[in-house]
Amino acid sequence: MVQLNDECMMELALAEARIALERGVFPVGAVLSAGSQILGRSYKTMISNHLNHAEMNLFHQVFEGDYAFSRADNLTLYTTLEPCIMCFGTMLHLPITRLVFAMEDTYGGCAHVRLENAPPRHLSRSIEIVGGVGRLDACKLFADFLDATADEFWLTGGAPHFQATVKAEIAARRI
Ligand SMILES: [Zn+2]
Numbered sequence: 001m002v003q004l005n006d007e008c009m010m011e012l013a014l015a016e017a018r019i020a021l022e023r024g025v026f027p028v029g030a031v032l033s034a035g036s037q038i039l040g041r042s043y044k045t046m047i048s049n050h051l052n053h054a055e056m057n058l059f060h061q062v063f064e065g066d067y068a069f070s071r072a073d074n075l076t077l078y079t080t081l082e083p084c085i086m087c088f089g090t091m092l093h094l095p096i097t098r099l100v101f102a103m104e105d106t107y108g109g110c111a112h113v114r115l116e117n118a119p120p121r122h123l124s125r126s127i128e129i130v131g132g133v134g135r136l137d138a139c140k141l142f143a144d145f146l147d148a149t150a151d152e153f154w155l156t157g158g159a160p161h162f163q164a165t166v167k168a169e170i171a172a173r174r175i
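No gaps in the numbering here: position 110 of the sequence shown is 110 in UniProt numbering, and each next residue is one more.
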């Protein structure tokens with residue numbers, strides 16, 4: 001269920017994504033909150049294409065070293081794109097109980113991976129997942145990125161399902 005401050009928090013995540021876009025990086029931004037308190041915010045960086053996702057950068061920022069958070073703190077992860085398997089898996093290891101994302105990733109999004117066959121540690125996890133908050137704004141950033149990038153991965157049709165979703169959404173809006 002969408003909560004009162006979800007759109008405000010997603011605005012902050014979108015602002016992070018815009019920083020990535022200005023740097024020529026695939027524009028994903030993320031914010032972690034405990035209620036109305038912002039614990040951290042980050043964006044995807046290119047130090048390592050496969051590890052420095054917005055969510056991972058954020059997790060390092062908030063959880064590196066000792067921390068006192070528990071599942072009772074109602075931690076919510078906001079991200080402008082549905083998390084990949086790495087970020088979703090890391091989220092399961094952390095005391096995060098809610099995930100709000102803007103745009104679905106039809107290529108590699110894992111928010112709806114089924115955990116019935118997961119080991120006991122993860123079987124007990126219950127994470128509330130809300131998709132679509134700020135979806136069009138996130139989609140426009142991805143479209144801007146795809147229009148401008150010279151990255152061969154994207155130019156040669158990388159993540160085809162995702163690219164098709166972005167292009168179809170933008171085409172539909174321009175009619
Ligand atoms: Zn990721």
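Ideal placement from N, C-alpha and C gives every residue a C-beta, glycine not left out.
Near ligand 1: residue i beta-carbon under 7 Å from a heavy atom
i    : result
E55  : yes
P27  : no
P160 : no
C84  : yes
C8   : no
For residue j and residue i, believed in contact at Cβ under 8 Å, the rounded distance
i   : j   : result
A17 : P27 : 4 Å
V31 : R41 : 5 Å
Opposing strand residues paired with residue i [DSSP bridges]
i           : result
residue 252 : With the chain running from 1 to 175 in the structure shown, residue 252 is simply not present.
R125        : DSSP output for R125 lists no bridge partner at all.
I96         : L75
Sequence-distant residues of the same chain with beta carbon closer than 7 Å to residue i, five excluded per side
i    : result
V25  : K44, T45, M46
V133 : V2, D6, E7, M10, V100, A102
D144 : L21
Neighbourhood of residue i by C-beta, 6 Å cutoff - its chain only, sequence neighbours within 5 removed
i   : result
R98 : T76, E128
I96 : L75, L77
Collapsed DSSP secondary structure at residue i in the structure displayed
i    : result
L39  : strand
G131 : strand
I47  : coil
Any C-beta of chain B under 8 Å from that of residue i
i    : result
F145 : Of the protein chains in this structure there is only one, and it is not chain B.
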